[in-house]
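Using the working numbering, you'd call the opening residue of the sequence shown number 311 and step up by one each time. For each residue, glycine too, the CB sits at the ideal point set by N, CA and C.
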Amino acid sequence: MKKWGGVLGLIMILSLGAVSTVWAQGSWPTAAGTSGVTAVNMDDGPGLIVPLYIAEDGTEYALPSQSLDPGESYTWYAEPSSATSFRGAVVLSSDVRIAAIGRTEWVVGGAQGAASYGGQETGAEEVVLPQLVIEHYGTTSAFTVQNTDLSNDITVDLVFRPQGGTPFTKTMNIEAGASSTWNMAFDADFVDPLPTSNWGWLGSVKIVSPGTPVVAVAHTTSQSGGFVYAYDGFTDLAQSKAYAPLVRRNYAGLTTGIGVADASGTGGTVQVKYVGFADSNGNWVEDPGESYVYTDTDTLTPGGYLNFYQGAPYHNDPGKSLPQRFLGSAEITVSGTGAAIAVVINDQTDPSLIGVVKQTASAYSGFFENQASNVVVSPLARNEYYNFTTGISVQNVGINTVDLEIVYTTSPNSRNSATPPSRTVSLDPGESANFYLPSDWGHTAAHQMWLGSAEITATGTGETKIVAITNDQDVMAPISGDTALFNCFSK
311 MKKWGGVLGL
321 IMILSLGAVS
331 TVWAQGSWPT
341 AAGTSGVTAV
351 NMDDGPGLIV
361 PLYIAEDGTE
371 YALPSQSLDP
381 GESYTWYAEP
391 SSATSFRGAV
401 VLSSDVRIAA
411 IGRTEWVVGG
421 AQGAASYGGQ
431 ETGAEEVVLP
441 QLVIEHYGTT
451 SAFTVQNTDL
461 SNDITVDLVF
471 RPQGGTPFTK
481 TMNIEAGASS
491 TWNMAFDADF
501 VDPLPTSNWG
511 WLGSVKIVSP
521 GTPVVAVAHT
531 TSQSGGFVYA
541 YDGFTDLAQS
551 KAYAPLVRRN
561 YAGLTTGIGV
571 ADASGTGGTV
581 QVKYVGFADS
591 NGNWVEDPGE
601 SYVYTDTDTL
611 TPGGYLNFYQ
621 GAPYHNDPGK
631 SLPQRFLGSA
641 EITVSGTGAA
651 IAVVINDQTD
661 PSLIGVVKQT
671 ASAYSGFFEN
681 QASNVVVSPL
691 ARNEYYNFTT
701 GISVQNVGIN
711 TVDLEIVYTT
721 SPNSRNSATP
731 PSRTVSLDPG
741 ESANFYLPSD
751 WGHTAAHQMW
761 LGSAEITATG
771 TGETKIVAIT
781 NDQDVMAPIS
791 GDTALFNCFS
801 K
């Protein structure tokens with residue numbers, strides 16, 4: 311398999327015919343990396359998917375097409391055979407509705423880092439990346455922007471807003487259908503001068519592209535910690551509520567942080583409601599008396615940013631904090647005239663384990679209510695497939711109790727022709743459930759090397775709404791691997 315030369319660009323998934331267009335994003339490594347692109351058929355009938363790779367200079371490379379039945383997924387592991395190295399975008403064209411993700415792995419700081427990144431239904435003329443850093447506790451960001459116009463080159467404005475500083479604007483040129491990456495570590499306007507503290511530079515960017523929709527992804531790397539994480543840019547800048555299906559404190563050795571950015575310029579009052587349980591006896595499941603609910607609050611300044619770290623004291627009561635081994639979900643709301651937010655969730659090694667195990671990190675974008683539905687799809691699911699295993703976290707964001715059913719479909723790529731059994735669970739409003747294949751199916755050799763997709767359906771009285779994320783993890787993560795989160799898709 312070839313290596314990506316320096317930068318993996320975006321994946322652009324273009325559905326042909328009378329169906330929606332879907333866009334997905336890629337990520338940026340600090341060195342050459344290896345990638346896979348996974349697409350799933352979201353339609354009721356069979357379809358053909360045709361991949362086209364577009365380098366940053368506009369050079370095009372065709373890869374073999376693939377037929378997929380409903381619910382079936384396929385992964386393209388190979389990069390263009392005629393290119394010694396590649397960085398750019400991928401266009402997946404289909405006669406059915408599809409969704410896709412990318413996953414890229416690199417050697418970072420002597421260990422293996424990985425990031426997954428998903429798609430959005432459409433691009434936008436304004437896209438916000440609310441969390442960018444330079445030398446922020448050893449991490450530095452870059453971001454990649456894709457031109458959705460397959461015929462014309464474009465120039466976009468990049469409006470940077472440093473935390474506590476004055477906004478300033480730069481420009482980026484992007485070839486037709488291609489992508490371009492802005493590496494903040496190499497930009498003298500950011501790195502000279504930088505604060506001498508561990509805080510470094512923290513800020514955001516708004517990408518402005520009049521007349522041509524774009525999509526974007528941010529990607530952050532730790533050279534010393536050996537991890538990479540990525541999240542998709544926000545194209546909807548008018549939402550006051552977001553959902554996080556996975557939040558935790560030192561559960562399985564990981565702790566999340568919820569970053570809340572002002573998307574309206576007005577600020578407001580932010581509430582973060584946690585719903586879950588504290589695994590006090592260490593058996594990994596919720597037992598009677600372990601449920602836990604708490605609402606934290608803080609003031610978001612105009613253009614500002616708040617970090618609700620689940621391992622730190624509450625903002626509204628510094629004498630308290632989430633209990634150890636908490637696992638659950640969160641609802642994030644901002645109140646105030648015209649207030650709107652963008653939310654990013656980071657999931658990283660708990661500080662108590664740094665230096666004990668290899669650090670891992672991943673991220674996903676908070677869901678808005680208009681992204682919820684009664685059926686969600688994960689293009690990628692796997693059970694001990696070359697050391698990789700997925701877990702899927704599903705949150706009930708409606709007002710009614712729902713019954714969930716997860717159904718798996720085996721991919722043509724799978725080394726195991728068996729299919730995991732379906733599973734059902736009931737969820738009250740605000741609650742989340744986790745579907746982890748080694749627990750649901752087992753660790754036996756007969757269940758290993760399985761690769762496919764998953765569809766989760768919510769049924770119940772009245773309207774049912776769910777959102778979900780997939781955690782794709784290397785079972786070698788405590789030694790050399792990394793974790794990678796991505797948002798699932800509403801069907």
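How many angstroms separate the CA atom of residue i from the CA atom of residue j?
i, j, result
"L439", "T720", "35 Å"
"G578", "D608", "9 Å"
"L747", "A764", "11 Å"
"K480", "W594", "48 Å"
"S404", "Y384", "13 Å"
"A349", "K630", "44 Å"
"Y371", "A365", "8 Å"
"G665", "G448", "15 Å"
"G454", "P356", "At residue 454 the sequence reads Thr, which differs from the Gly that was named. Roughly 32 Å between the two C-alpha positions."
"I776", "D353", "19 Å"
"T530", "L512", "12 Å"
"V527", "S639", "24 Å"
"Y619", "Q441", "14 Å"
"V347", "G368", "20 Å"
"D657", "R397", "27 Å"
"R471", "A573", "12 Å"
"K668", "G646", "42 Å"
"A650", "Q549", "5 Å"
"T566", "D660", "8 Å"
"T450", "T670", "15 Å"
"A410", "M759", "21 Å"
"N462", "N560", "48 Å"
Could you check where the alpha helix (DSSP H) with residue i kicks off and where it finishes?
i, result
"D750", "L747 to D750"
State the start and end residues of the unbroken beta strand (DSSP E) segment that holds residue i.
i, result
"E765", "W760 to T769"
"T449", "T449 to N457"
"T734", "R733 to L737"
"G302", "This structure cannot speak to residue 302, because the chain is shown only from 311 to 801."
"M352", "Unbroken run through M352: none, as it is neither H nor E."
"D542", "F537 to D542"
"N797", "T793 to N797"
"Y384", "S383 to W386"
"V785", "No beta strand (DSSP E) holds V785; DSSP gives it neither H nor E."
"Q376", "Q376 to L378"
Can you tell me whether residue i is buried or exposed, with buried defined as 16 or more other CB within 10 angstroms of its CB?
i, result
"T491", "buried"
"H753", "exposed"
"T465", "exposed"
"N457", "buried"
"D627", "exposed"
"F698", "buried"
"S395", "exposed"
"A755", "exposed"
"F587", "buried"
"Y674", "buried"
"F678", "buried"
"Y541", "buried"
"G412", "buried"
"V603", "exposed"
Any idea what DSSP makes of residue i, helix, strand or coil?
i, result
"L632", "coil"
"H529", "strand"
"S662", "helix"
"A588", "strand"
"A495", "helix"
"H753", "coil"
"T647", "coil"
"T369", "coil"
"W416", "strand"
"D467", "strand"
"K480", "strand"
"E436", "strand"
"V406", "coil"
"S395", "coil"
"A488", "coil"
"P730", "coil"
"N656", "strand"
"A548", "coil"
"Q441", "strand"
"T780", "strand"
"L637", "strand"
"Q335", "Its pLDDT being 37, under 50, Q335 is placed unreliably by the model, and the measurement read from it follows with that caveat. DSSP places Q335 in coil when its eight states are reduced to three."
> Can you give, in chain order, each stretch of the beta strand (DSSP E) that sits fully within the region 669–725 and has at least 3 residues?
Replying inline: 671–675, 685–693, 698–706 and 712–720
>> Which runs of the beta strand (DSSP E) at least 3 residues long sit entirely within the region 550–628? Give them in chain order.
In response: 551–559, 564–572, 578–588, 601–610 and 615–619
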